[in-house]
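Q:
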Amino acid sequence: MNRRDFMKGAAAMSLISSFGPPSGAQNNNSNNNKDIPQRPLGRTGVQVSVLGLGGSHIGGPDLTDDASVRLIRAA
């Protein structure tokens, strides 16, 4: 992809996103996710889903297996 094509695509996405969500979109910010366990985020007191830790770094060259296990258990 060249720069011109990239800029065209970026401009189109910017224009499309400026219209906002579709009219039928629902606001799911209420507490409808009672099935997913929640935990406080550190000392902030903010409740977050326990499913928030990504795993792309697990098994990579930057972390040993032991460090990966400690990270997941701490999350």
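Converting from the sequence shown to our numbering requires adding 1 to each position, the first position being numbered 1. Built from N, CA and C at the ideal position, the CB exists for glycine as well. Since the model is a prediction, treat every value here as computed from it, not as a measurement.
What residue does the beta strand (DSSP E) around Arg-40 start on, and which one ends it?
A: Its beta strand (DSSP E) spans residues 39-41.
Q: Could you check the C-alpha separation between Gln-48 and Asn-3 for me, to the nearest Å?
A: Taking the straight line from one Cα to the other gives about 43 Å.
Q: From Arg-40, Asp-63, Gly-46, Pro-62, pick the residue whose C-alpha is nearest to that of Ala-75; which is it?
A: Checked all of Arg-40, Asp-63, Gly-46, Pro-62; the closest Cα to Ala-75 is Arg-40.
Q: Look up Val-49 in the DSSP assignment and say whether it is helix, strand or coil.
A: The answer is strand: DSSP assigns Val-49 an E or B state.
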